[in-house]
Amino acid sequence: MLIWHDPYNETDTLVILLAELSGDSTVLDTTDALADALDEEDASNPVLCLYTRADIAVAERMEQGDTATDAVETWADQAAFLLGKQRRHRRRVTLVDADLVRNAPVEFLDWLKLEDSESFAPDPAPEGDPVLLMIAELALQANPAAQSLAEELQAASVTFSETGLAAPALPEAALDRYVAEKATLQTALRARESEIAKLRESQSLLTGQNRTQNMELSRLGKELSQMETRLAQLNQGLDSYQVQVSTLQEKLRLSTDRLADKNQLLDTLAEQLKQRQDEIDRIMQSRSMRLTAPIRRLGRLFRRPGP
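Read in order, the letters of the sequence shown correspond to residues 1447 to 1753 in the numbering used here.
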């Protein structure tokens, strides 16, 4: 197995753990190396690409000296590269958010068909500088192309849940079809039961019922059994879907709460930034700064190199 990661992001330890646990693995840390490996390696050798969420990746590059614009463009180029390779080598390349691996290590090992090991205990994702994260989010929002790439990357990636690989959300139309099919079967079942009751009544009145009537009764009995079995399966499936819907609703609620917390943090940071700017403005407009302005200009004059 080939494992690719971005060395600019905090995924080194995670990749080392995966490589040690999987045994025969090759670690790649550049897009050129990944491209060469996909062209040269055995087509049956799977490739696992661990990437970092857009805002975190941009903030980490900013922390290393990139401007917000350059960081977003660099991340967008990398995301477009990964999506292109995933489309071209769909059966080989799998995209995984590193945060999901950290949050669901057991499910991730099950998905890779690797034995669970206590040695695979990834460190939690670094929290990062909240100010840089806020700037990264604003820079991404200002770049519609990058936003689109982030959404496409997330849609093309493997997701996990507490029960393993996360199944796609059941569309409302499909749920409605199951409910409608159940109601139709119940109606048909009642009709069959009524028909069987009539036949049995006729059988009690006509002691000389012929063989054809007996065969018809047997056929209806089989159909009734099949309908009851199908109805039981539909009831079981409907219960399962209802549990999934409840789980998704709870996750949505938690996501909404987390979003509210982030919005509150942004408001706090904005207020702190405004207070600091006001303090700087007061200092720059103070009487002492105006009185010492000639001295600062003389200092700059004397520090100026001669001809």
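Idealized CB from N, CA, C, for every residue including glycine.
Predicted, not measured: the structure shown is a model, and the values here were computed from it.
Spatial distance of residue i from residue j (CA atoms)
i	j	result
G1574	R1507	11 Å
T1472	L1586	32 Å
A1591	A1522	8 Å
G1530	A1500	17 Å
L1484	M1730	58 Å
L1645	M1673	19 Å
R1742	E1725	21 Å
M1447	L1496	13 Å
T1714	Q1721	11 Å
G1683	V1689	10 Å
L1599	L1744	57 Å
P1617	N1491	Confidence in P1617 is poor, its pLDDT being 34 and thus under 50, which makes the residue's placement unreliable; the coordinate value appears in the next sentence. Cα to Cα, P1617 sits roughly 35 Å from N1491.
V1691	R1728	55 Å
R1736	L1719	25 Å
Q1524	G1511	18 Å
K1708	V1552	28 Å
L1712	D1703	14 Å
L1635	L1528	53 Å
Exposure of residue i, with buried meaning 16 or more beta-carbon neighbours within 10 Å
i	result
I1449	buried
I1502	buried
D1559	Sequence check: residue 1559 is Lys here, not Asp. Exposed is the call here.
D1622	Confidence at D1622 is low in this model, with a pLDDT of 49, below 50, so the placement of that residue should be treated as unreliable; the coordinate-derived value is given next. It is exposed - the Cβ of D1622 has fewer than 16 other Cβ atoms within 10 Å.
N1589	buried
A1550	buried
R1746	exposed
R1536	exposed
T1675	exposed
T1540	buried
R1629	The identity of residue 1629 in the sequence shown is Ala, whereas the question assumes Arg. By the 10 Å Cβ count, A1629 comes out exposed.
L1464	buried
A1739	exposed
L1584	exposed
L1652	exposed
R1749	exposed
Cβ distance (whole Å) where residue i is taken to contact residue j below 8 Å
i	j	result
A1526	L1595	6 Å
D1478	H1451	In fact, because the Cβ distance is near 14 Å, the residues do not count as touching under 8 Å.
R1638	L1663	Contact flag wrong, Cβ pair sits at about 11 Å.
V1493	R1538	5 Å
Q1632	L1677	7 Å
Q1532	A1602	6 Å
Beta-carbon proximity list for residue i, same chain, < 7 Å, skipping 5 on both sides
i	result
A1505	G1574, D1575, L1578, L1579, A1582
T1609	Here T1609 scores only 48 on pLDDT, less than 50, and its place in the model is too uncertain to base an answer on.
E1509	D1575, L1578
Residues near residue i in its chain [Cβ-Cβ closer than 8 Å; skip 5 each side]
i	result
E1554	Reading off the sequence, residue 1554 comes out as Phe, not Glu. Excluding residues within five positions, the ones whose Cβ falls inside 8 Å are V1542, L1546, V1547, F1606.
R1699	none
I1642	L1663, L1666, G1667, L1670
T1513	none
Contacts around residue i, its chain only, beta-carbon distance under 6 Å, and the 5 residues preceding and following it disregarded
i	result
E1717	none
R1733	none
Distance cut-off 6 Å: residue i Cβ against heavy atoms of the ligand COA
i	result
L1496	The ligand COA is absent from the structure shown, which contains no ligand whatsoever.
Quick one: which unbroken beta strand (DSSP E) runs of 3-plus residues sit fully inside the segment 1468-1498? Chain order, please.
-> 1472-1474, 1493-1497
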